[in-house]
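Structure, as structure tokens:
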Amino acid sequence: ETGVTQTPRHLVMGMTNKKSLKCEQHLGHNAMYWYKQSAKKPLELMFVYSLEERVENNSVPSRFSPECPNSSHLFLHLHTLQPEDSALYLCASSQRAHYNSPLHFGNGTRLTVT
Amino acid sequence: DQQVKQNSPSLSVQEGRISILNCDYTNSMFDYFLWYKKYPAEGPTFLISISSIKDKNEDGRFTVFLNKSAKHLSLHIVPSQPGDSAVYFCAASARDGNQFYFGTGTSLTVIP
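In order, the protein sequences belong to chains A and B.
Under the numbering used here, think of the first position of the first sequence as 1, with each following residue one higher.
Under the numbering used here, think of the first position of the second sequence as 115, with each following residue one higher.
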């Protein structure tokens, strides 16, 4: 397995459910990210982790809870979501959390909240 | 307010011709610029980047041009191939941060 892998690829959940998105990177990178892509909008940064420490949290609602147990794994725990949270959630990694370290993305999880 | 803008949602080009994708930005502190390519059902793939100390960077068929005074970035693909059909995103970052700001993308169709 190479690159950045995300599971599941698709997820449908009700507003009262609790679910988790999983991301794993096989690139030996030290930084990992969660991005959200909504229709017709630019990618929005949600969270940044550098060496398992959260370094950026872009005013994301508390119903999204990230977890980074080690530099290769990243989770996004979801609970009591709203229909407007339906979007493509992309995980990315980079060699370091630095302005000139390009991101490498996974294929995303398409989330639908009903 | 969006700091990185791609004003053309779509572009169609004949195979073999040049594709030019444009991007404008508003933040003069941006120091590093990137282009990503995205196929349907896949994540964006890093294509090419340029630092603000340069005005051109070339990698095979792909060349990125940076005009700092105009706050404008462009990606040239020559010659265009059908496999280049994808959505292209530009992104920018500032030296004092670790966040990339993305445009909304331009969908390129290369017609055989």
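Ideal Cβ placement from N, Cα and C applies to all residues, glycine included.
Could you work out which residue in the options is closest to residue i when comparing CA atoms only?
i: Tyr-139(B); options: Ser-133(B), Val-118(B) and Ser-207(B); result: Val-118(B)
i: Trp-149(B); options: Ser-122(B), Ile-225(B), Asn-141(B) and Phe-216(B); result: Phe-216(B)
i: Leu-51(A); options: Trp-34(A), Ser-72(A) and Glu-84(A); result: Ser-72(A)
i: Ala-92(A); options: His-104(A), Asp-85(A), Phe-64(A) and Arg-54(A); result: His-104(A)
i: Thr-80(A); options: Gly-3(A), Lys-19(A), Ser-59(A) and Asn-58(A); result: Lys-19(A)
i: Tyr-35(A); options: Thr-114(A), Asp-85(A), Asn-100(A) and Arg-96(A); result: Asp-85(A)
i: Thr-218(B); options: Ser-183(B), Cys-204(B) and Glu-156(B); result: Cys-204(B)
i: Gly-185(B); options: Thr-220(B), Ser-142(B) and Ser-122(B); result: The question names Gly, but residue 185(B) in the sequence shown is Lys. When each option's Cα is compared against that of Lys-185(B), the closest is Ser-142(B).
i: Ile-191(B); options: Leu-222(B), Pro-158(B), Pro-226(B) and Ser-124(B); result: Leu-222(B)
i: Arg-63(A); options: Leu-78(A), Leu-21(A) and Asn-17(A); result: Leu-78(A)
i: Pro-226(B); options: Pro-196(B), Ser-188(B) and Ile-167(B); result: Pro-196(B)
i: Glu-53(A); options: Lys-40(A), Lys-41(A) and Met-32(A); result: Met-32(A)
i: Gly-3(A); options: Gln-120(B), Leu-135(B) and Gly-157(B); result: Gly-157(B)
i: Ser-183(B); options: Leu-135(B), Gln-213(B) and Ile-167(B); result: Ile-167(B)
Is residue j closer than 8 Å to residue i when the C-beta atoms are compared?
i: Ser-180(B); j: Asp-169(B); result: Note that residue 180(B) is Leu in the sequence shown here, rather than Ser. The answer is yes: Cβ separation under 8 Å.
i: Leu-111(A); j: Leu-43(A); result: no
i: Asn-122(B); j: Thr-220(B); result: The displayed chain sequence assigns Ser, not Asn, to residue 122(B). Contact flag set, yes.
i: His-26(A); j: Ser-94(A); result: no
i: Val-201(B); j: Ser-133(B); result: no
i: Asn-70(A); j: Ala-155(B); result: no
i: Gln-82(A); j: Met-15(A); result: yes
Might you give, ordered along the chain, the residues of its own chain that have their beta carbon closer than 7 Å to the beta carbon of residue i, omitting 5 neighbours on each side?
i: Gly-130(B); result: Pro-193 and Ser-194
i: Phe-160(B); result: Leu-148 and Tyr-150
i: Asn-57(A); result: Phe-47
Starting from residue i, find everything on chain D with Cβ-Cβ shorter than 9 Å and list it in chain order.
i: Glu-56(A); result: Reference to chain D is not applicable here, since the protein chains of this structure are A and B.
Report, in whole angstroms, the separation of the C-beta atoms of residue i and residue j, which I expect to be a contact under 8 Å.
i: Ser-165(B); j: Tyr-153(B); result: The Cβ separation is near 27 Å, so there is no contact.
i: Leu-74(A); j: Tyr-49(A); result: 7 Å
i: Pro-8(A); j: Thr-109(A); result: 6 Å
Which residues in chain B have a C-beta closer than 9 Å to the C-beta of residue i? List them in chain order.
i: Phe-105(A); result: Tyr-150, Lys-152, Glu-156, Gly-157, Pro-158, Thr-159 and Phe-160
i: Leu-74(A); result: Chain B residues near Leu-74(A): none, gap ~14 Å exceeds 9 Å.
i: Leu-90(A); result: Gly-157 and Pro-158
Output, in chain order, the set of chain B residues within a Cβ distance shorter than 7 Å of residue i.
i: Gly-108(A); result: Gly-157
i: Tyr-99(A); result: Asp-145, Tyr-146, Ser-207, Ala-208, Arg-209, Gly-211 and Asn-212
i: Val-48(A); result: Asn-212
Within its chain, find whatever has a CB closer than 8 Å to the CB of residue i; leave out the 5 residues flanking it on each side and keep chain order.
i: Val-60(A); result: Met-46 and Phe-47
i: Asp-115(B); result: Thr-140
Excluding five sequence neighbours on each side, which residues of the same chain lie with their C-beta closer than 6 Å to the C-beta of residue i?
i: Phe-144(B); result: Ala-206 and Ala-208
i: Ser-38(A); result: Ala-87
i: Ile-162(B); result: Trp-149, Asp-173, Phe-176 and Val-178
Run through chain B and tell me which residues come within less than 8 Å of residue i, C-beta to C-beta.
i: Lys-41(A); result: Thr-218
i: Leu-45(A); result: Gln-213 and Phe-214
What in chain A is Cβ-close to residue i, meaning under 8 Å?
i: Ser-165(B); result: Asn-100
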